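2 protein chains.
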Amino acid sequence: MAKRVTIQDLAKELNTTTSTISRALRNHHSISTAMKKRVLELAKIRNYQVNSMAANLRSGKSMTIGVVVPHINRDFFANVISGIEGVAKTEGYSVVICQTNDKIDKERDCISTFLKTRVDGVLISVGLETDCFEHLEQVKKMNVPLIFFDRVQESSNSMTIVNDDIEGAFQAVSHLLDEGYKRIALFSGPDHINIYRNRKQGYLNALEKRGIEIDEKLITSNNLSYEAGVESVKRTMKLKNPPDAIFAAGDYVALGALNWLKKNNYRIPEDIGVVGYSNEKFTNYISPSLTSVDQHSMEMGRYAAKTFFDLIKSDNKDIVLNSLSINPKLIIRESSKRKTI
Amino acid sequence: MAKRVTIQDLAKELNTTTSTISRALRNHHSISTAMKKRVLELAKIRNYQVNSMAANLRSGKSMTIGVVVPHINRDFFANVISGIEGVAKTEGYSVVICQTNDKIDKERDCISTFLKTRVDGVLISVGLETDCFEHLEQVKKMNVPLIFFDRVQESSNSMTIVNDDIEGAFQAVSHLLDEGYKRIALFSGPDHINIYRNRKQGYLNALEKRGIEIDEKLITSNNLSYEAGVESVKRTMKLKNPPDAIFAAGDYVALGALNWLKKNNYRIPEDIGVVGYSNEKFTNYISPSLTSVDQHSMEMGRYAAKTFFDLIKSDNKDIVLNSLSINPKLIIRESSKRKTI
DNA sequence: ACAAATTATGCAAACGTTTGTTTGAATTAT
DNA sequence: ATAATTCAAACAAACGTTTGCATAATTTGT
Numbered sequence: 020m021a022k023r024v025t026i027q028d029l030a031k032e033l034n035t036t037t038s039t040i041s042r043a044l045r046n047h048h049s050i051s052t053a054m055k056k057r058v059l060e061l062a063k064i065r066n067y068q069v070n071s072m073a074a075n076l077r078s079g080k081s082m083t084i085g086v087v088v089p090h091i092n093r094d095f096f097a098n099v100i101s102g103i104e105g106v107a108k109t110e111g112y113s114v115v116i117c118q119t120n121d122k123i124d125k126e127r128d129c130i131s132t133f134l135k136t137r138v139d140g141v142l143i144s145v146g147l148e149t150d151c152f153e154h155l156e157q158v159k160k161m162n163v164p165l166i167f168f169d170r171v172q173e174s175s176n177s178m179t180i181v182n183d184d185i186e187g188a189f190q191a192v193s194h195l196l197d198e199g200y201k202r203i204a205l206f207s208g209p210d211h212i213n214i215y216r217n218r219k220q221g222y223l224n225a226l227e228k229r230g231i232e233i234d235e236k237l238i239t240s241n242n243l244s245y246e247a248g249v250e251s252v253k254r255t256m257k258l259k260n261p262p263d264a265i266f267a268a269g270d271y272v273a274l275g276a277l278n279w280l281k282k283n284n285y286r287i288p289e290d291i292g293v294v295g296y297s298n299e300k301f302t303n304y305i306s307p308s309l310t311s312v313d314q315h316s317m318e319m320g321r322y323a324a325k326t327f328f329d330l331i332k333s334d335n336k337d338i339v340l341n342s343l344s345i346n347p348k349l350i351i352r353e354s355s356k357r358k359t360i
Numbered sequence: 020m021a022k023r024v025t026i027q028d029l030a031k032e033l034n035t036t037t038s039t040i041s042r043a044l045r046n047h048h049s050i051s052t053a054m055k056k057r058v059l060e061l062a063k064i065r066n067y068q069v070n071s072m073a074a075n076l077r078s079g080k081s082m083t084i085g086v087v088v089p090h091i092n093r094d095f096f097a098n099v100i101s102g103i104e105g106v107a108k109t110e111g112y113s114v115v116i117c118q119t120n121d122k123i124d125k126e127r128d129c130i131s132t133f134l135k136t137r138v139d140g141v142l143i144s145v146g147l148e149t150d151c152f153e154h155l156e157q158v159k160k161m162n163v164p165l166i167f168f169d170r171v172q173e174s175s176n177s178m179t180i181v182n183d184d185i186e187g188a189f190q191a192v193s194h195l196l197d198e199g200y201k202r203i204a205l206f207s208g209p210d211h212i213n214i215y216r217n218r219k220q221g222y223l224n225a226l227e228k229r230g231i232e233i234d235e236k237l238i239t240s241n242n243l244s245y246e247a248g249v250e251s252v253k254r255t256m257k258l259k260n261p262p263d264a265i266f267a268a269g270d271y272v273a274l275g276a277l278n279w280l281k282k283n284n285y286r287i288p289e290d291i292g293v294v295g296y297s298n299e300k301f302t303n304y305i306s307p308s309l310t311s312v313d314q315h316s317m318e319m320g321r322y323a324a325k326t327f328f329d330l331i332k333s334d335n336k337d338i339v340l341n342s343l344s345i346n347p348k349l350i351i352r353e354s355s356k357r358k359t360i
C-alpha cells in the first residue's frame, strides 16, 4: 500500500505548518483567504484525502452513526435506512449498517463492533430473539446515544421511535369487520417484542369493541416468515371452526398464508380475507394485491436520525427524552375488499 | 460523553506499561500467561473496548472493507452482502455497506467516504448511470484493492467476479424456444453495463443458433424497474406483430410486464411466456410463479471477499489478477412452461 | 503616535494505540 | 562456572490529525 499524502506533506510543500493546513481545509476563520486558496488547490492536485482515523482519534468524534436492523432486504428497513442516511448526510455524518438476521449473537457482534469503532450513536431495531438487553446496556454505560426504532426495548429509558401499532392493527381488523368478516385469525410474533404485543392488542381491542368473543385458537405466534405463514394457515384452516379472515402482523407471513390458500382453492377475498402489515412493495404486485398497514418507514428513519442529532446538540442531555409515535395508515387492496365486489 | 477506559488506565492499575497490555490483549507470545490472565480479567471488569481509531491509525489497517451496491433491498444484493460478511467475519474484518440507488453522485460520495475512512478494500457493483470511472480510478491510485462484482468496469484491469450472463441469457431464451415460443422480446438495461450487454448477447446467440431472425423492434432498453416493465410491455404489445414471449434482464421489469399482461387478460404462459433474471425471492411467490435465472448471489459475495483476502495476503500483488465467472442456473417456473400444461 | 485590538500563522501537545528495540532476569548449553 | 540463549517486560517513537496557546504582523481607536 503506497503512502498516502498527509497534511504534513502539504505543509512542507507550502512552507507552513500542519495546523494551518488543517484549519485551511476546514475553512477556519483565522486563515486568510489567500492561504485557503493555496491549500485547497494543492490538496486537489496532490489528491489529498483526510485520514478520518487520525482526525477522529484527535477530535473524539467518529462522525458515524451505526444502524442495526434485522434484515436489510426488507423494504421497511431499507426505507428506514434511506431516511436515516438522508438526514445524516446533511449533517456530514455517514451511517454504517449492520444486519442481525434476527439472531441475538449477531446483534451482540454488531454492537461490539460499533463500540470499538466508536460510532457516535447507535440506532437499532432489535431482533426477534432479543429478550435480554445486556449488550444494549453496554452502549448506554459507554454513554453512546442509543435510539430505538420500531422494535424497541421498552424497559429502557432510551428514546424510541415507533408506530402506533395498536392503532394500526385496530384499523386493519376493524376494516375486516366492516367488510363482513366474522371470525378473524391473528398471526403475530413473539409477545416480548413490543410491536407484536401491540398489534395483538389492537386486534383484541377491535374485536372487543364490536362485542366479538376472542377465540384463542385463532391466535398464533410465529416468526413471521413466509414458511411460518404457510404452516400456520394450514393448521388454522383445519380447525372445526376455521376463520374467514386472517390478520397477519407481517407481510411475508401473510403472503405465505395467501399463497397456501390460493393453492388450496380458497377464493380471496370472497371466501377469506387477508391483511398484512408493513406495506412491503410486493403487496401491491401480487394477486390479489394484499391489504397492508403502511408504517411511514422513511419518515421513521428521518425521525430516528433527527432525534439523534437533537440529542447530541442539546447541552442538557437529560431533558430531551421524548419519544415519538407515528400514525400508521391502512392501505386497502384486493385481498380484503369483499363488499365492493 | 464520559471518558472511556484505555490501555493506559489498565497499565497504571496493574503497574505495567501500555505495550504489555496491548500485547496481552492480543495474545502475543512474549507475554506470560500469568500476566495475560491478569490483564484479561481487569479488561473485562473495567469494560475495556479497544479504540479502533487509535489501533488502526497506528497499524495502518482499518480491518474494514467497504461494499458499494445499487440497492440493499434487492435479494440479489442482500445475498451478496451476506456472502461477503460471512468470509469477512472469519478474517476478523467488518464490512460497511453503502447504497447508491444507481446514482453516480451517491456512488462518488460512497467512494469518497470509504477513502477517507481508510477501508482496506472496496467491493463494488456499479450503478446504472455509471459510465465514467474517475472515482474508481482514485481508489486504485490510492492503492486500495478494488474488486468488482456483477456490474463491473471491464476497461479496468481490476479483478471482477461475474456471472456468465451470456450463458444465463442463452439458457433462458433457449428454454423459451424449447417451449414453442417463436417471437421473443428482450427487455434489457443500458448497453454500457456489462451484464446487460452480455444478456443481450446471450439472447442474440440463442436466436441465431435456431436461425431466427432478429427483430430490433422487439428489443427494448430501460432502467429495469417495475414501472419500466409496465411501460415497455404496453408499447411492445401494441406492435402489429407482437411477441409471444418476453425475456427480461431483471425480475422487477419482468414483474411489471407480467402484471400488465395479466391485467389485460393475456394468459401466462399460454398466450405469452415471461422469464426474468436474478431469481429474486418474490419470483417464487407470485402467480404465475416467474421463471428466472439464479446467479448464486451468496457465492458471488463469498468469492468477492475471498478474492480480496487472497489479494492482500499475497506478496506479489500483480500476479493474482485472475477474475472469476460463475455459472448461472435457469430456474423454470410456471410463467414459461407452456408445453407441460 | 502609541496602546489596544485584530488578524494570520506557528508551536507543541494530545488523542490511544502498536511495534521495533532495549533491558534484565531466568534458563540452558558447554 | 561462565557464556549463550530464551523469556518477559519496559521504553520510546510513531501513526496523522486537531486545538489551545503563543507570537508576529497589521489595523484600529484615540
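Chains as they are written, first to last, in our numbering: chain A, 20 to 360; chain B, 20 to 360.
No residue lacks a Cβ here, since even glycine has one placed at the ideal position from N, Cα and C.
On a predicted model such as this, the values are computed, not experimentally measured, just so you know.
CB contact check: residue i to chain A, cutoff 7 Å
i                 : result
Lys159 of chain B : no
Val115 of chain B : yes
Ala7 of chain B   : Here chain B covers residues 20 to 360 and nothing more, so residue 7 of chain B does not appear.
Met319 of chain B : no
Leu330 of chain B : no
Leu274 of chain B : yes
Phe327 of chain B : no
Thr35 of chain B  : no
Thr52 of chain B  : no
Thr132 of chain B : yes
Alpha-carbon spacing of residue i relative to residue j, whole angstroms
i                 : j                 : result
Lys221 of chain A : Gly320 of chain A : Here residue 221 of chain A is Gly; the residue named in the question, Lys, does not match the sequence. Computed Cα separation, rounded: 24 Å.
Ala188 of chain A : Ile231 of chain A : 16 Å
Asp234 of chain A : Glu173 of chain A : 28 Å
Leu258 of chain A : Asn346 of chain A : 35 Å
Arg23 of chain B  : His211 of chain A : 32 Å
Lys358 of chain A : Phe328 of chain A : 47 Å
Lys367 of chain B : Tyr245 of chain B : Nothing in the structure corresponds to residue 367 of chain B, since chain B is present only between 20 and 360.
Lys63 of chain A  : Met54 of chain A  : 14 Å
Met72 of chain B  : Val272 of chain A : 42 Å
Arg65 of chain B  : Val171 of chain A : 28 Å
Thr25 of chain A  : Ser131 of chain B : 16 Å
Residues near residue i in its chain [Cβ-Cβ closer than 6 Å; skip 5 each side]
i                 : result
Met20 of chain B  : Residue confidence is low: Met20 of chain B scores 49 on pLDDT, short of 50, so the model does not pin down where it sits. Its coordinate-derived value is still stated next. Contacts found: none.
Ser193 of chain B : Ala225
Ile180 of chain B : Phe168, Met319, Tyr322, Ala323, Leu343
Ser251 of chain B : Phe206, Thr239, Asn241
Val58 of chain B  : Ile40, Ala43
Ile50 of chain A  : Arg42, Ala43
Top-ranked residue by Cα proximity to residue i, from the options
i                 : options                                : result
Phe133 of chain A : B:Ala267, B:Asn92, B:Val69, B:Arg93    : B:Val69
Leu195 of chain A : A:Leu147, A:Lys31, A:Ile291            : A:Ile291
Arg93 of chain B  : B:Pro307, B:Leu330, B:Lys300, B:His315 : B:Lys300
His315 of chain B : B:Phe95, B:Ala204, B:Ile287            : B:Phe95
Ile238 of chain A : A:Tyr245, A:Tyr215, A:Ser244, A:Glu246 : A:Tyr215
Asp28 of chain A  : A:Ser51, A:Arg45, A:Tyr67              : A:Tyr67
Val352 of chain A : A:Ser333, A:Pro307, A:Lys122, A:Ile331 : Sequence check: residue 352 of chain A is Arg here, not Val. Checked all of A:Ser333, A:Pro307, A:Lys122, A:Ile331; the closest Cα to Arg352 of chain A is A:Pro307.
Same chain, Cβ closer than 8 Å to residue i, neighbours up to 5 away in sequence not counted
i                 : result
Ile100 of chain A : Val86, Val88, Ile91, Val114, Ile116, Gly320
Asp263 of chain A : Tyr200, Lys201, Arg202, Ile203, Asp290, Ile291, Gly292
Contact with chain B by residue i, beta-carbon distance below 7 Å
i                 : result
Ser71 of chain A  : yes
Leu119 of chain A : The sequence shown places Thr at residue 119 of chain A, not Leu. No, its Cβ sits nowhere closer than 7 Å to a Cβ of chain B.
Lys135 of chain A : yes
Ile91 of chain A  : yes
Gln172 of chain A : no
Tyr67 of chain A  : no
Leu61 of chain A  : no
Same chain, Cβ closer than 7 Å to residue i, five either side skipped, listed in chain order
i                 : result
Cys129 of chain A : Val87, Cys117, Thr119
Check: residue i C-beta below 6 Å from any heavy atom of the ligand GDP
i                 : result
Phe266 of chain A : Among the components of this structure there are no ligands whatsoever, and the ligand GDP is therefore not found.
Within the region 211 to 257 of chain B, note down every full alpha helix (DSSP H) run reaching 4 residues or more, in order along the chain.
If we require 4 residues or more, the alpha helix (DSSP H) runs fully inside the region 211 to 257 of chain B come out as 213 to 228, 245 to 256.
What alpha helix (DSSP H) runs, 4 residues minimum, are completely inside the region 90 to 147 of chain B?
If only complete runs of 4 or more residues are kept, the region 90 to 147 of chain B shows the alpha helix (DSSP H) at 94 to 109, 123 to 135, in order along the chain.
Any alpha helix (DSSP H) of 4 or more consecutive residues that is wholly inside the region 46 to 83 of chain A:
Runs found: 52 to 65, 71 to 78.
Would you list, in sequence order, the uninterrupted alpha helix (DSSP H) runs of no fewer than 4 residues that lie entirely inside the region 153 to 216 of chain A?
Within the region 153 to 216 of chain A, the complete alpha helix (DSSP H) runs of at least 4 residues are 153 to 160, 184 to 197.
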